[in-house]
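Asks: Position 177 of the sequence shown, counting from 1, maps to 177 under the UniProt record's numbering, and the rest follow consecutively. For every residue, glycine included, the Cβ atom is placed at its ideal position computed from N, Cα and C.
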Amino acid sequence: MQSQLSFSKQNQTGTLYLVPTPIGNLGDMTFRSVDVLKQVDLIAAEDTRNTQKLLNHFEIETPQISFHEHNTQERIPQLISKLEAGVNLAQVSDAGMPSISDPGHELVVACIEANIPVVPLPGANAGLTALIASGLDPQPFYFYGFLDRKPKLQVTELEALKNRSESQIFYEAPHRLAKTLQHLVDVFGGDRQASLCRELTKKHEQFIRGSLTELLEWAKQSDQVRGEFVMIVSGNPEGDEENEEPDYSGLSIEEHVDHLIETGLRPNDAIKQVAHLRQLKKQEVYQIYHHLDQN
């Protein structure tokens, strides 16, 4: 058990601030977020070039250091050392909330393990922004984020989700939208109601609401399949306990991987899906499954 007093004067280290950034409209940057970015000693940014544009707009002169999915393991020890030395650090992704389909989670875990305060700031989030305007039930909802890019794995993921009764939130890139909608129609059924949301908070913000079949036809024919998409899909009103997503909480990682292999997935694909479902790094699951030394 651990208890954190975020703003205690007795804290002996620096603080990690998780700072959301606008998902499109710069006017959505909060006063507090601007103040924190000005006051911290260093900003860990997913893309320093992208973040620099934001800093320039708000006249923020705080230095940056890159922190993205490809240098996580290298950067975390460096950032922890700085925080332990008293450096206050802000972590930002390119848009929206850190850790939500963006880098950040591993750094948060490392800070918690090192007893370094982690302070989250509220702000923009594409999934919730789309949900409240979708016209579908806003609660309960199930946030999934990006589905797997490989067709077979994507269908496997959707099969596990098709009987959930909550509204479901997915992210998708424009060049994969039609294929993903086709898989949704195939697995969920074409009558399921859904909403496509693109260019959120921007000048060309657009919501396309209808059945999955109608949305698929739109995606195939429209010349507006541009920008990142949020897909809100209604829950299954006939979902029952027998058909709900399997509960893997009682399985070890090795047992979870073995279970998916038994359903027909190749070992590497099963490892990848377990990593996604448990929000772990694929390499970490691979090492645990194969009993490799992680040090």
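Given a cut-off of 9 Å, decide if L212 and G190 are closer than it, judged by their beta-carbon atoms.
Replies: The residue you call residue 190 lines up with position 190 of the sequence shown. The residue you call residue 212 lines up with position 212 of the sequence shown. Closer than 9 Å, so yes.
Asks: Contact between the region 43-53 and the region 85-103: three or more CB pairs below 8 Å?
Replies: Segments in contact, yes.
Asks: Give me the Cα-Cα distance between F141 and G239, rounded to the nearest whole angstrom.
Replies: Within the sequence shown, numbered from 1, the residue matching residue 141 stands at position 141. Within the sequence shown, numbered from 1, the residue matching residue 239 stands at position 239. One C-alpha to the other measures close to 14 Å.
Asks: Looking only at its chain, what residues have a beta carbon closer than 6 Å to the beta carbon of V108, apart from the 5 residues adjacent to it on each side?
Replies: Here residue 108 is taken as the residue at index 108 of the sequence shown, counted from 1. Excluding positions up to five away in sequence, the list reads V118.
Asks: My assumption, with CB atoms under 8 Å, is that Q193 sits in contact with L136. Please give the rounded CB distance.
Replies: In the sequence shown, the residue the question calls residue 193 occupies position 193. In the sequence shown, the residue the question calls residue 136 occupies position 136. Contact holds; Cβ gap of about 6 Å.
Asks: Take L54 as the anchor and find which of I23, Q73 and K9 has the nearest alpha-carbon.
Replies: The residue labelled residue 54 in the question sits at position 54 within the sequence shown. That would be I23, whose Cα lies nearest to the Cα of L54.
Asks: Does S33 come out as helix, strand or coil in the three-state DSSP assignment?
Replies: Walking along the sequence shown from the start, residue 33 turns up at place 33. Looking at S33 - three-state DSSP - the assignment turns out to be helix.
Asks: What separation, rounded to the nearest whole angstrom, lies between the Cα atoms of H259 and Q273?
Replies: Counting from one through the sequence shown, the residue named residue 259 turns up at place 259. Counting from one through the sequence shown, the residue named residue 273 turns up at place 273. Going by the C-alpha atoms only, they are around 11 Å apart.
Asks: Helix, strand or coil: how does DSSP classify residue 296 here?
Replies: Because the chain here runs from 1 to 295, residue 296 falls outside it and cannot be looked at.
Asks: For D172, name the three-state secondary structure that DSSP assigns.
Replies: Taking the first residue of the sequence shown as 1, we reach residue 172 at position 172. According to the sequence shown, residue 172 is Glu rather than Asp. Of the three classes helix, strand and coil, the one that applies to E172 here is strand, per DSSP.
Asks: Considering Cα atoms alone, identify which of H57, L292, C197 and A114 is closest to L83.
Replies: The sequence position of residue 83 within the sequence shown is 83, counting from 1. Measuring from the Cα of L83, the nearest candidate turns out to be A114.
Asks: Under 8 Å Cβ to Cβ from K203, same chain only, skipping five residues before and after it: list those, please.
Replies: The residue you call residue 203 lines up with position 203 of the sequence shown. Nothing meets the Cβ criterion.
Asks: Do H183 and Q139 count as a contact pair if the criterion is CB distance below 9 Å?
Replies: As a position in the sequence shown, residue 139 is number 139, starting the count at 1. As a position in the sequence shown, residue 183 is number 183, starting the count at 1. Taking 9 Å as the Cβ cut-off, Q139 and H183 do not qualify as a contacting pair.
Asks: Let me check understanding here. Comparing Cα to Cα, which of T13, R75, V257 and R164 lies closest to H276?
Replies: For the purposes of this step, residue 276 is taken as the residue at position 276 of the sequence shown. Checked all of T13, R75, V257 and R164; the closest Cα to H276 is V257.
Asks: If I116 and T13 are in contact, beta carbons under 8 Å, what's the gap, nearest whole angstrom?
Replies: Numbered from 1 along the sequence shown, position 116 holds the residue referred to as residue 116. Numbered from 1 along the sequence shown, position 13 holds the residue referred to as residue 13. The pair is a contact, with the Cβ atoms about 5 Å apart (cut-off 8 Å).
Asks: Taking the alpha helix (DSSP H) that I116 belongs to, which residues open and close that run?
Replies: Along the sequence shown, read from residue 1 onward, the residue named residue 116 stands at position 116. Here I116 belongs to no alpha helix (DSSP H), and DSSP marks it neither H nor E.
Asks: Please work out which residues of its chain come closer than 6 Å, Cβ to Cβ, to R254, disregarding the five sequence neighbours upstream and downstream, and give them in chain order.
Replies: Along the sequence shown, one-based indexing puts residue 254 at 254. Before going on, a small fix: residue 254 reads as Glu here, not Arg. Counting only Cβ-Cβ distances below 6 Å, and skipping sequence neighbours, we find Y289.
Asks: Look up V187 in the DSSP assignment and give the residues it is bridged to.
Replies: Position 187 of the sequence shown, counting from 1, holds the residue named residue 187. None; V187 has no bridge partner.
Asks: Consult DSSP for E22 and reduce its assignment to one of helix, strand or coil.
Replies: Along the sequence shown, read from residue 1 onward, the residue named residue 22 stands at position 22. Glu is not the amino acid found at residue 22; the sequence shown has Pro there. Reduced to three states, the DSSP call for P22 is coil.
Asks: Cβ of M231 within 9 Å of Cβ of I169?
Replies: Residue mapping note: residue 231 aligns to position 231 of the sequence shown, counting from 1. Residue mapping note: residue 169 aligns to position 169 of the sequence shown, counting from 1. Yes; because the gap between Cβ atoms is below 9 Å, this pair is in contact.
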